[in-house]
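*Asks:* Here you go, one structure.
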Amino acid sequence: MRKIRTYGDPILKQKALPVVEIDQKIIDFGDILIDTMLEHDGAGLAATQIGKKIRMMALSIPFPSKNRPPTGFSPGEMLLIPRMPMVFVNPEILGSSQFMSLKEEGCLSVPKIYGPVSRPVSVVFKAQILDGEIIECECGGLLARAIQHEIDHLDGIVFVDRLSDEELEKIRPELEKIKSGNPGGK
Ligand SMILES: [Zn+2]
41 MRKIRTYGDP ILKQKALPVV EIDQKIIDFG DILIDTMLEH DGAGLAATQI
91 GKKIRMMALS IPFPSKNRPP TGFSPGEMLL IPRMPMVFVN PEILGSSQFM
141 SLKEEGCLSV PKIYGPVSRP VSVVFKAQIL DGEIIECECG GLLARAIQHE
191 IDHLDGIVFV DRLSDEELEK IRPELEKIKS GNPGGK
């Protein structure tokens, strides 16, 4: 288990580097990512959030509702959610829908703070998994949002960076509090 870096920690503003080869070290780090995510009840965790600047992330997304017919889910949700928790290496978004949705997000690196973020409803997601398989699929729902949120982390973006000025103002005092707990951060 690793300590989760919080808002104000400089590493959360840095761009993570691609993984060149999936070796034993990467596989072991995948276990650490999953364990740390589950330990903190997170739906997702990016490597930078535990201090490693490489393009890896873990996801553990539940199906939104048991009553929804399976045809209502995107191909990505059908394919990936039953296999979660999963680790993704060098994840990327190949395309995004024009339709946007505004939904409340939270983040283990910004504890107890939530705010509405506008994001494309669906994305074409590509990543490698630890056994070497390349995944490419269209993802919707909470999965699409989580993928975008975690890839943002790998690009040095935290969800609060995407809030409207008005929403940011509302949480500024709490954000400053978290930041002040990070002497190295500005
Ligand atoms: Zn996050």
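So for the sequence shown, the working numbering puts the first residue at 41; every next one is plus one.
All residues carry an ideal CB built from backbone N, CA and C; glycine is no exception.
Owing to the predicted nature of the structure, the values given are computational and were not obtained by experimental measurement.
1. Report yes or no: do the segment 79-98 and the segment 153-163 share at least 3 C-beta pairs separated by less than 8 Å?
2. State the Cα-Cα distance for the pair Asp205 and Glu216, rounded to the nearest angstrom.
3. Buried or exposed for Gly135, please, with buried defined as at least 16 other CB atoms from any protein chain shown within 10 angstroms of its CB.
4. Quick check: does the Cβ of His80 come within less than 7 Å of any heavy atom belonging to ligand 1?
5. Going by Cα to Cα distance, which pick from Lys43, Gly48, Asp81 is closest to Pro198?
6. Hey, is the segment 171-184 in contact with the segment 111-120, meaning 3+ C-beta pairs nearer than 8 Å?
7. Tell me the start and end of each unbroken beta strand (DSSP E) in the segment 77-120 that is at least 3 residues and wholly inside, in chain order.
8. With DSSP collapsed to three states, give me the class of Ile66.
9. Rounded to whole angstroms, what's the CA-CA distance from Pro102 to Ser220? Just pull it up for me.
10. Could you check what DSSP says for Lys152 in three-state terms: helix, strand or coil?
11. Could you name the residues that DSSP lists as bridge partners for Ile175?
12. Restricting to Cα atoms, I'd like to know which of Ile187, Pro125, Ala167 is closest to Glu145.
13. Here's the rule: buried if 16 or more other CB atoms are within 10 angstroms of the residue's CB, otherwise exposed. What is Leu142?
14. Taking the beta strand (DSSP E) that Gly135 belongs to, which residues open and close that run?
15. Assuming Gly196 contacts Lys43 under a Cβ cut-off of 8 Å, what Cβ separation, rounded to an integer in Å, is found between them?
16. Nearest by alpha-carbon distance to Phe165: which of Gln138, Thr76, Ile191 is it?
17. Just verifying my parser: in three-state terms, what is the DSSP assignment at Val200?
*Replies:* For this structure:
1. no
2. To locate residue 205, count along the sequence shown from 1; it is residue 165. To locate residue 216, count along the sequence shown from 1; it is residue 176. Asp205 and Glu216: Cα-Cα distance of roughly 15 Å.
3. Taking the first residue of the sequence shown as 1, we reach residue 135 at position 95. Exposed: under 16 other Cβ atoms inside 10 Å.
4. Against the sequence shown, residue 80 aligns to sequence position 40. Flag unset: Cβ of His80 not near ligand 1.
5. The residue you call residue 198 lines up with position 158 of the sequence shown. The amino acid occupying residue 198 in the given sequence is Val; Pro does not appear at that position. Checked all of Lys43, Gly48, Asp81; the closest Cα to Val198 is Gly48.
6. yes
7. 84-86, 96-99
8. Your numbering for residue 66 matches position 26 in the sequence shown. Helix.
9. Reading the sequence shown from its first residue, position 62 is the one you call residue 102. Reading the sequence shown from its first residue, position 180 is the one you call residue 220. When rounded, the distance between both Cα atoms is 34 Å.
10. Here residue 152 refers to the residue found at position 112 of the sequence shown. DSSP places Lys152 in coil when its eight states are reduced to three.
11. Within the sequence shown, the letter at position 135 stands for residue 175. Secondary-structure assignment with DSSP links Ile175 through a beta bridge to Ala167.
12. Locating residue 145 in the sequence shown gives position 105, counting from the first residue. Glu145 has its Cα closest to that of Ile187, out of Ile187, Pro125, Ala167.
13. The residue given as residue 142 occupies position 102 in the sequence shown. When all chains shown are included, Leu142 counts as exposed.
14. As a position in the sequence shown, residue 135 is number 95, starting the count at 1. Segment 126-136, the beta strand (DSSP E) holding Gly135.
15. To locate residue 196, count along the sequence shown from 1; it is residue 156. To locate residue 43, count along the sequence shown from 1; it is residue 3. Contact flag wrong, Cβ pair sits at about 19 Å.
16. Here residue 165 corresponds to residue number 125 of the sequence shown, with the count starting at 1. Across the set Gln138, Thr76, Ile191, the C-alpha of Ile191 shows the shortest separation from the C-alpha of Phe165.
17. Here residue 200 refers to the residue found at position 160 when the sequence shown is read from its first residue. Helix.
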